[in-house]
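Numbering (the working numbering), first residue to last: -12 to 646. Ideal Cβ positions, reconstructed from N, Cα and C, are used throughout, including at glycine. Let me begin by presenting the structure, written as structure tokens, before commenting on it.
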Amino acid sequence: MKITMKSKYKSLTGLIFIVLNTSILLGLTFSSNEIHIDKSYEKYDFTVEPITSNYEEYIKGNFSDYECSNYTLSVFLNENTSSVVGNLTADYYNDDPVNFTQIPFHIYPSGMQYNTRPGDIDILNVTTSEDPNQELEFEVLSDIQLMWVNLTSELEPGNRTSFIISFNTTLTDGGIDRASDHGWDHNNSRIFKFGSAYPMPCVYDEYDGWNIDPYLSIGDPFYFDMAYYDLIINVPNSMTVAATGELVEKITIGNRTINHYNPRLPVREVTFSASRYFEVESYFSADANVTVSLYYLNKSSWLWHNFAVDVVGNAGSLYYVAFGNYTYPTLNIVQEYTMFGGMEYPCQVYISEAADRHSDPWWYLETIIAHEVAHQWFYNLVGVDEVDWGFLDEGVVCWVTDWYKDVFHPDWNIFEPYWGLSRLRHYSLDYGLPNKINQSVYECIDSGSNYWYIAYTKAPTILEKLRTIIGLDNFIYGLRYFTHENFFEIAQLIDLQQAFETISGETLDWFFLPWFNDPYLPKYNFTSVLYNTQSKTVNITIEDVNENLNPYSYSQQIPITIYSSGSTLEFSEFKWINGTTSLIIPIQKKPVRVVLNYTDNVLVQFSDHDLNYLETTDIIVINGQQPNIPSFNVIIILLAFSTLGIIFMTKKSKYQINN
Ligand SMILES: [Zn+2]
-12 MKITMKSKYK
-2 SLTGLIFIVL
8 NTSILLGLTF
18 SSNEIHIDKS
28 YEKYDFTVEP
38 ITSNYEEYIK
48 GNFSDYECSN
58 YTLSVFLNEN
68 TSSVVGNLTA
78 DYYNDDPVNF
88 TQIPFHIYPS
98 GMQYNTRPGD
108 IDILNVTTSE
118 DPNQELEFEV
128 LSDIQLMWVN
138 LTSELEPGNR
148 TSFIISFNTT
158 LTDGGIDRAS
168 DHGWDHNNSR
178 IFKFGSAYPM
188 PCVYDEYDGW
198 NIDPYLSIGD
208 PFYFDMAYYD
218 LIINVPNSMT
228 VAATGELVEK
238 ITIGNRTINH
248 YNPRLPVREV
258 TFSASRYFEV
268 ESYFSADANV
278 TVSLYYLNKS
288 SWLWHNFAVD
298 VVGNAGSLYY
308 VAFGNYTYPT
318 LNIVQEYTMF
328 GGMEYPCQVY
338 ISEAADRHSD
348 PWWYLETIIA
358 HEVAHQWFYN
368 LVGVDEVDWG
378 FLDEGVVCWV
388 TDWYKDVFHP
398 DWNIFEPYWG
408 LSRLRHYSLD
418 YGLPNKINQS
428 VYECIDSGSN
438 YWYIAYTKAP
448 TILEKLRTII
458 GLDNFIYGLR
468 YFTHENFFEI
478 AQLIDLQQAF
488 ETISGETLDW
498 FFLPWFNDPY
508 LPKYNFTSVL
518 YNTQSKTVNI
528 TIEDVNENLN
538 PYSYSQQIPI
548 TIYSSGSTLE
558 FSEFKWINGT
568 TSLIIPIQKK
578 PVRVVLNYTD
588 NVLVQFSDHD
598 LNYLETTDII
608 VINGQQPNIP
618 SFNVIIILLA
628 FSTLGIIFMT
638 KKSKYQINN
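Have a look at this one:
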């Protein structure tokens, strides 16, 4: 029942949101504020067709050939005990090339942070779907938040088996983790949040076998295959529920209401949140055929009302035209208590109520919404093993969030020169600590690397550097190719690299290998600067003092300026610095100062007294002959070797120019 269409809305290329009067259908209250979509993204010409044929089927909603597991999660929320009793009915499909006799499930809540009452999942029993009296054996390994279901016979590839797991989840009290009962009734602030809180099927892959990692406190350490879900939630009447999927049925029996949700297409997991105090705004986008709903506490109405939906609309429009269709019927933006800024789930994202207290609450709320909405593409549609490759979706999503800001807030100068440098410096974490991007959460812990810095700062900074090299169009089309090639699948770093290589037509090993795999950024030093007064050339040798600590040599363009006496500029040009590099530059006047300028996405490791440049005035003048210093012959030999090294070091790409 769609009414209240505003006549001034025209169906243009973007998403037009129309206030949807669902109050009778859903029993919700909402506000009928006007929505307008900023069309700033139309300055880009995104007109390419879907890249893969299966993606074409997806945007038509044709999933008849897609086989995956089907789950029905049926839960009953008990306010008094802060618990959720449930059944997970699994129609489990084996899409792996091995026989299974056991299937593992994560039971995460006991690993979550809490105040006084820890979270827990108590497994009550496991039975076959056909006969509730036929129990299956199961084993709980509570120290790693895991359970194994033992099958009665081997499950072969391409076959299905079905069983029901009955469980009781205790939500943490207070707590700011992914599942909690937080807030109070007396001040209308209590919210129940059910994220990562039911028995969640583990993923089998060719690298790890079963991925049975415990609940890790670093990153979003999740990894799930796509599956169809029905989500049935039984709550007290007058409690508002936000959940993954479209509300397809609502039944009230006595003082309880049963809400039945279905996301219509496969998702990686489901979640719900319930509160007696949620305010709700719902909007319908005719072009995208999606209902966007906002759920927030009254205390935050001043911030969310008339603002949040515009952010969702703008972000959704940009990602839709850039990366492809969202296609699910619903998208919920739900307020939460959390230690993070927000948390992504398919079709539903959570945003911290701490935005209220931020020094710039609008900026903060907009940033988190734009970020979490981007995860619908880079987490749900394209999946990632976030234990082994957590930097991948976070790095892409952080870059995309900055691009969103660049498109809709050009005055923020988000990609201004010094952007990468100031980002790295701002977080002050690259002062010589190893910070390889391409490593698992476990490797981060072992190597003393900071996962947050790697995933949320360094990875998007490196991606922005790539964007400046291959250009924005190639970069966006690369991300689109990556999305279309890998949607519904699990992607790795090599898939992202191959997407950019396909679009740019160039091999990018020279970029990806060092920037994603080296533990240390380059740190340059002038080895020698020799000025020959006869040939009127200056021979500059720049070394990367971190080169021996890294498996791969860096290549990047750095502006070099050379001054003669009186600070007269004699030379100013970008030069490729490929590892340790020797340059010969014609200069008429005797140079007195040579400067490497760390601008325009030049990335280097900092030390505590860093400037935005490296300079030397230590210039040796020679008159066509060897200077009278003992080390000179050694320097000449080293120069010869380093020049040879440069010639053989890297496969040149069109982006790398010979010095
Ligand atoms: Zn994220």
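{"query": "Local conformation of residue 554 per DSSP, three classes", "result": "helix"}
{"query": "CB of residue 95 within 9 Å of CB of residue 167, strictly", "result": "no"}
{"query": "Any non-hydrogen atom of ligand 1 within 8 Å of residue 385 CB", "result": "yes"}
{"query": "Burial state of residue 285, where buried means 16 or more other Cβ atoms lie within 10 Å", "result": "exposed"}
{"query": "Residues near residue 326 in its chain [Cβ-Cβ closer than 6 Å; skip 5 each side]", "result": "163"}
{"query": "Own chain, CB closer than 7 Å to residue 388, minus 5 neighbours either side, in chain order", "result": "354, 357, 358, 361"}
{"query": "Residue 648: CB within 8 Å of a non-hydrogen atom of ligand 1", "result": "Since the first and last residues shown for the chain are -12 and 646, residue 648 lies out of range."}
{"query": "Check: residue 605 C-beta below 8 Å from any heavy atom of ligand 1", "result": "no"}
{"query": "Proximity below 9 Å, CB of residue 150 to CB of residue 113", "result": "yes"}
{"query": "Any non-hydrogen atom of ligand 2 within 8 Å of residue 359 CB", "result": "Annotation note on ligand 2: not contained in the displayed structure, which lists ligand 1 as its ligands."}
{"query": "8 Å CB neighbourhood of residue 235 in its chain, flanking five on each side removed", "result": "247, 248, 249"}
{"query": "In chain order, each beta strand (DSSP E) run of at least 3 residues that lies wholly inside the region 533 to 609", "result": "542 to 551, 555 to 565, 568 to 573, 578 to 584, 600 to 603, 607 to 609"}
{"query": "Alpha-carbon spacing of residue 339 relative to residue 265, whole angstroms", "result": "14 Å"}
{"query": "Contact test: residue 124 Cβ vs ligand 1 heavy atom, cutoff 8 Å", "result": "no"}
{"query": "Three-way DSSP call (helix, strand, coil) for residue 305 in this model", "result": "helix"}
{"query": "The region 513 to 521 in contact with the region 490 to 504 per 3-pair CB rule at 8 Å", "result": "no"}
{"query": "Pairwise C-alpha distance: residue 216 and residue 50", "result": "14 Å"}
{"query": "From 540, 528, 575, 568, residue whose alpha carbon lies closest to that of residue 659", "result": "Past the edges of the chain, shown from -12 to 646, lies residue 659, and the structure says nothing about it."}
{"query": "Rounded Cβ spacing between residue 334 and residue 231 (contact assumed at less than 8 Å)", "result": "5 Å"}
{"query": "Residue 52 in three-state terms, based on DSSP", "result": "coil"}
{"query": "Option nearest residue 152 by Cα separation, candidates 485, 111, 169", "result": "111"}
{"query": "Residue 357, DSSP secondary structure in three states", "result": "helix"}
{"query": "Integer Cβ distance of residue 474 from residue 80, believed to fall under 8 Å", "result": "Not confirmed; about 19 Å, so no contact."}
{"query": "DSSP three-state assignment for residue 256, whether helix, strand or coil", "result": "coil"}
{"query": "CB-CB length for residue 222 against residue 318, believed under 8 Å", "result": "No, residue 222 and residue 318 are not in contact; Cβ-Cβ is about 21 Å, not under 8 Å."}
{"query": "Closer than 8 Å: residue 331 CB and nearest ligand 1 heavy atom", "result": "yes"}
{"query": "Option nearest residue 491 by Cα separation, candidates 305, 310, 104, 456", "result": "456"}
{"query": "Alpha carbon of residue 618 to alpha carbon of residue 580, nearest angstrom", "result": "Here the model assigns residue 618 a pLDDT of 47, short of 50, so the residue's position is not dependable, and the following value carries that caveat. Approximately 22 Å, taken between the alpha carbons."}
{"query": "CB contact check: residue 142 to chain B, cutoff 9 Å", "result": "As a matter of chain content, chain B is missing from the structure shown, which is built from one protein chain."}
{"query": "Residues near residue 446 by beta carbon distance below 6 Å, same chain, minus five either side", "result": "378, 382, 424"}
{"query": "Of the residues 306, 331, 262, 270, the one placed nearest residue 255, counting alpha carbons only", "result": "331"}
{"query": "Three-state secondary structure (DSSP) of residue 103", "result": "coil"}
{"query": "Reduced DSSP secondary structure (H/G/I, E/B, other) of residue 455", "result": "helix"}
{"query": "The region 459 to 468 touching the region 477 to 495, judged by at least three CB pairs closer than 8 Å", "result": "yes"}
{"query": "Near ligand 1: residue 207 beta-carbon under 8 Å from a heavy atom", "result": "yes"}
{"query": "Residue 179 versus residue 376: straight-line alpha-carbon distance, rounded", "result": "30 Å"}
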